[in-house]
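Visitor: Got a structure here, written out as structure tokens. Questions coming.
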Amino acid sequence: MLSLLIRPVLDLIGYFSVVFPSSHSVLGSTVVLAACGACFCRDRARAGSIVESFCAKWQMGYIGHHGVATLHKYKYSGVDHSLVAKYILQPFWSRSVTLFPLWMPAAILLLVLQITLTGFMFLIVSAYLGYVYSPHLDTAPPRWVHLAHGLLLFLYQTFDAVDGKQARRTNSSSPLGELFDHGCDALACAFEAMAFGSTALCGRNTFWFWVIAAIPFYLATWEHFFTNTLILPIINGPTEGLMLIYVCHWLTFFLGAEWWAQDFRKSIPFLGWVPLIPEIPVYGVVLFMMIAFGVIPTIASNISNVHKVVKARRGSMILALAMLFPFGVLLAGVLIWSYLSPSDIMHSHPHLLIIGTGFAFGFLVGRMILAHLCDEPKGLKTGMCMSLLFLPLAIANALTARLNDGVPLIDEHLILILYCLFTVLLYLHFATSVIHEITNALGIYCFRLRAGNGVIRSRFGRRKRERKEEEMIQRLACYDDEVPSSPCFPPRKRGECPIKTRIGRNGKGTAAAETRSRSTCFGRKLGYLEAELRNGGRNLLGDRAGRGDAVTTPPKPGEYIGADIG
Numbered sequence: 001m002l003s004l005l006i007r008p009v010l011d012l013i014g015y016f017s018v019v020f021p022s023s024h025s026v027l028g029s030t031v032v033l034a035a036c037g038a039c040f041c042r043d044r045a046r047a048g049s050i051v052e053s054f055c056a057k058w059q060m061g062y063i064g065h066h067g068v069a070t071l072h073k074y075k076y077s078g079v080d081h082s083l084v085a086k087y088i089l090q091p092f093w094s095r096s097v098t099l100f101p102l103w104m105p106a107a108i109l110l111l112v113l114q115i116t117l118t119g120f121m122f123l124i125v126s127a128y129l130g131y132v133y134s135p136h137l138d139t140a141p142p143r144w145v146h147l148a149h150g151l152l153l154f155l156y157q158t159f160d161a162v163d164g165k166q167a168r169r170t171n172s173s174s175p176l177g178e179l180f181d182h183g184c185d186a187l188a189c190a191f192e193a194m195a196f197g198s199t200a201l202c203g204r205n206t207f208w209f210w211v212i213a214a215i216p217f218y219l220a221t222w223e224h225f226f227t228n229t230l231i232l233p234i235i236n237g238p239t240e241g242l243m244l245i246y247v248c249h250w251l252t253f254f255l256g257a258e259w260w261a262q263d264f265r266k267s268i269p270f271l272g273w274v275p276l277i278p279e280i281p282v283y284g285v286v287l288f289m290m291i292a293f294g295v296i297p298t299i300a301s302n303i304s305n306v307h308k309v310v311k312a313r314r315g316s317m318i319l320a321l322a323m324l325f326p327f328g329v330l331l332a333g334v335l336i337w338s339y340l341s342p343s344d345i346m347h348s349h350p351h352l353l354i355i356g357t358g359f360a361f362g363f364l365v366g367r368m369i370l371a372h373l374c375d376e377p378k379g380l381k382t383g384m385c386m387s388l389l390f391l392p393l394a395i396a397n398a399l400t401a402r403l404n405d406g407v408p409l410i411d412e413h414l415i416l417i418l419y420c421l422f423t424v425l426l427y428l429h430f431a432t433s434v435i436h437e438i439t440n441a442l443g444i445y446c447f448r449l450r451a452g453n454g455v456i457r458s459r460f461g462r463r464k465r466e467r468k469e470e471e472m473i474q475r476l477a478c479y480d481d482e483v484p485s486s487p488c489f490p491p492r493k494r495g496e497c498p499i500k501t502r503i504g505r506n507g508k509g510t511a512a513a514e515t516r517s518r519s520t521c522f523g524r525k526l527g528y529l530e531a532e533l534r535n536g537g538r539n540l541l542g543d544r545a546g547r548g549d550a551v552t553t554p555p556k557p558g559e560y561i562g563a564d565i566g
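So the sequence shown is residues 1 to 566, counted in full-length UniProt numbering.
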């Protein structure tokens with residue numbers, strides 16, 4: 001009976017999914033739910049037809065034909081004016097990149113760990129340590145945790161800087177690498193905010209440390225979208241900002257986390273004379289100084305640079321500012337939800353709130369970076385608002401508590417878990433889809449180097465080639481006196497190896513054939529031997545190869561036999 005009632009609804013949803021060209025991402029979610037309902041009704045054919053009709057009408061992709069053409073021409077452009085990076089960290093990073101073998105691309109480490117992802121995993125471990133020892137970010141963890149926080153952040157900064165250098169070393173740079181790198185950096189804002197919150201005992205104010213990290217990051221990405229160059233000033237977050245944070249972690253290892261939570265006039269003796277100021281913890285002073293001397297000047301610089309570019313191109317500054325709208329809605333929505341929350345979610349579940357909001361932020365940044373890589377029109381991207389869909393439901397649930405004596409319709413802990421699941425799955429869908437589309441468009445791999453890279457080969461491929469070469473050398477030694485003569489292989493003396501024989505205009509081997517001793521050309525026989533393997537070994541082994549008499553086709557004049565790969 002239930003299936004009889006649901007099937008007409010499924011038919012209607014399937015029809016609308018094909019006829020009406022609305023937002024394919026939102027509609028796609030509806031179609032998936034409809035397909036699940038059809039499966040629930042044990043109508044597998046109906047479920048398949050709904051999904052098939054939807055996919056036939058809409059290719060649920062993020063990159064169009066213009067984007068594919070643009071990806072082939074894209075080149076990264078960035079400028080770092082940091083003096084600390086230029087004179088201190090760059091030499092260290094240049095030496096560090098030599099620790100990674102050439103066969104390891106910037107996207108893989110031992111076929112499992114990836115340089116960028118490895119650095120990101122350091123921050124996940126750091127945030128997890130903070131959660132284990134300080135669930136609400138207001139209790140002091142053991143001192144060794146602060147030392148681990150600083151070390152893990154330092155390793156993250158090093159790996160984040162080295163992955164680009166490794167990509168250039170291995171000639172494996174691509175737009176996918178930039179998207180991957182900046183996507184991990186966007187998520188890193190949330191995980192490092194939680195790690196610092198456990199160090200400084202920020203409690204519910206930890207969310208504001210994520211905000212002051214996310215605002216400059218988003219505006220820098222926004223500026224990059226319009227100027228086509230990522231400009232880092234003399235003092236910037238990726239260099240001096242991270243250095244300041246891991247120095248704070250290490251300082252806390254000696255002073256203790258309680259130093260951050262007490263009044264700043266007690267923690268900093270020479271400021272004890274400051275009058276008429278209420279009791280403010282040290283982390284509150286740090287937060288204020290970062291906003292005043294870091295965030296506000298960065299915002300002004302980003303807007304000024306974008307305004308110059310838009311004015312030079314005679315564009316609309318309103319359209320440019322519209323791209324900041326989704327991020328503003330995200331911040332406003334989370335703050336309204338926190339204000340209306342009957343259980344004070346910022347204090348009771350700070351990790352869930354920051355993780356959910358951090359992945360929503362990562363989705364916004366990823367969509368903007370992809371728009372830049374694909375040279376999409378400037379202006380608001382409606383697809384970015386997908387990450388905001390859950391917030392109205394959460395706010396409405398918090399409002400029900402005002403009408404029900406402080407008890408919400410659904411437990412807020414469950415709402416936070418669903419919020420995290422929604423944003424994490426949305427981001428993973430975006431990441432996997434874009435990786436698949438870019439690798440198909442560029443003909444590259446995400447987690448290994450493309451064949452014929454021209455710089456390196458896989459360690460495992462090299463070993464296989466060496467074994468094949470040794471085997472063929474042994475077989476050549478056995479039949480050294482019985483190699484047949486042919487127009488392709490003129491007679492030679494014992495112990496000589498024709499690596500590269502040029503055929504004259506008359507189709508015969510010339511007297512200028514290059515010969516070398518087998519002991520001196522071991523490493524250069526590979527192309528010659530592989531060509532013979534593909535040819536079945538007929539030219540080299542003749543009857544002994546089990547394939548009858550050697551049958552050769554005289555090459556064209558000017559053709560080379562074998563390959564010089566030394």
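The beta carbon of each residue, even a glycine, is placed where N, CA and C say it ideally should be.
#1: Based on the DSSP secondary-structure assignment, which residues constitute the bridge partners of Gly-78?
#2: Applying the 10 Å Cβ sphere with the 16-neighbour rule, what's the burial state of Asp-160?
#3: Is Leu-179 closer than 8 Å to Ile-369 when the C-beta atoms are compared?
#4: In three-state terms, what does DSSP make of Pro-281?
#5: What is the rounded straight-line gap between the Cα of Ala-167 and the Cα of Phe-122?
#6: Just reading off the alpha helix (DSSP H) that Gln-90 is part of, what are its end residues?
#7: Going by DSSP in three states, Asp-263 sits in which element: helix, strand or coil?
#8: Are there any heavy atoms of the ligand COA lying less than 7 Å away from the beta-carbon of Arg-169, as far as the coordinates show?
#9: Just tell me which of Ser-348, Lys-86 and Gly-78 has its CA closest to the CA of His-182.
#10: Give me the Cα-Cα distance between Leu-255 and Leu-151, rounded to the nearest whole angstrom.
#11: Helix, strand or coil for residue 627, going by three-state DSSP, please let me know.
#12: Check whether the region 355-374 and the region 322-337 are in contact - that is, three or more C-beta pairs closer than 8 Å.
#13: Measure the alpha-carbon distance for Asn-236 versus Pro-408 and round it to whole angstroms.
#14: Could you tell me the boundaries of the alpha helix (DSSP H) in which Thr-170 lies?
#15: Which first and last residues belong to the alpha helix (DSSP H) in which Met-368 is found?
#16: Select from Thr-298, Ile-234 and Met-243 the residue whose C-alpha is nearest the C-alpha of Ser-82.
#17: For Leu-251, which option in Trp-144, Leu-335 and Lys-266 has the closest C-alpha, if you only look at C-alpha atoms?
#18: With distances taken between CB atoms, is the gap from Leu-321 to Leu-242 smaller than 8 Å?
#19: If you draw a straight line from the alpha carbon of Leu-89 to that of Pro-238, how long is it in whole angstroms?
#20: So, at 6 Å on beta carbons, what are the nonlocal neighbours of Phe-390 in its own chain, with the 5 sequence-adjacent residues on each side left out?
#21: Quick one, which of Phe-253, Tyr-74, Ser-338 and Leu-335 has its alpha-carbon nearest Ala-140's?
#22: What do you get for Ile-277, buried or exposed, if any count of 16 or more other CB atoms within 10 angstroms of its CB means buried?
#23: Let me know if Arg-402 comes out buried or exposed under the rule of 16 or more other beta-carbons within 10 Å of its beta-carbon.
#24: What is the DSSP secondary structure of Leu-179, counted as helix, strand or coil?
#25: From which residue to which residue does the alpha helix (DSSP H) around Asn-302 run?
#26: Does the separation of the CB atoms of Thr-206 and Asn-305 fall below 8 Å?
#27: Put Ala-257 into one of helix, strand or coil per three-state DSSP.
#28: Kindly indicate the opening and closing residues of the alpha helix (DSSP H) around Met-323.
Guide: On the basis of the data shown:
#1: Partner(s): Leu-230.
#2: Around the beta carbon of Asp-160, 16 or more other beta carbons lie within 10 angstroms, which makes this residue buried.
#3: The answer is yes: Cβ separation under 8 Å.
#4: Strand, per DSSP.
#5: Taking the straight line from one Cα to the other gives about 20 Å.
#6: Unbroken alpha helix (DSSP H) run through Gln-90: 90-96.
#7: When DSSP states are grouped into helix, strand and coil, Asp-263 belongs to the strand group.
#8: The ligand COA is not among the ligands present in this structure, which contains no ligands whatsoever.
#9: Considering only alpha carbons, the answer is Gly-78.
#10: Straight-line Cα distance between these residues: approximately 17 Å.
#11: Residue 627 lies beyond the residue range present for the chain, which begins at 1 and ends at 566; the question has no answer from this structure.
#12: These segments touch.
#13: Approximately 43 Å between the Cα atoms of the pair.
#14: Judged by DSSP secondary structure, Thr-170 falls outside any alpha helix (DSSP H); it is assigned neither H nor E.
#15: Per DSSP, the unbroken alpha helix (DSSP H) holding Met-368 starts and ends at 350-373.
#16: For the residues Thr-298, Ile-234 and Met-243, the minimum Cα distance to Ser-82 belongs to Ile-234.
#17: Ranked by how close their Cα comes to the Cα of Leu-251, the residues Trp-144, Leu-335 and Lys-266 have Trp-144 in first place.
#18: When the beta-carbon positions are compared, Leu-321 and Leu-242 stay at least 8 Å from each other.
#19: So the two alpha carbons sit approximately 12 Å from each other.
#20: Once the five neighbours on either side are set aside, the close Cβ partners of Phe-390 are Tyr-419 and Phe-422.
#21: Of the listed residues, the one whose Cα sits closest to Ala-140 is Phe-253.
#22: Exposed, because fewer than 16 other Cβ atoms sit within 10 Å of the Cβ of Ile-277.
#23: That one is exposed.
#24: Leu-179 falls in the helix class under three-state DSSP.
#25: Following the DSSP letters along the chain, one finds Asn-302 inside the alpha helix (DSSP H) bounded by residues 296-312.
#26: No, these two residues do not count as a Cβ contact at 8 Å.
#27: Residue state, collapsed to three classes: coil.
#28: First-last for Met-323: undefined, no H or E at that position.
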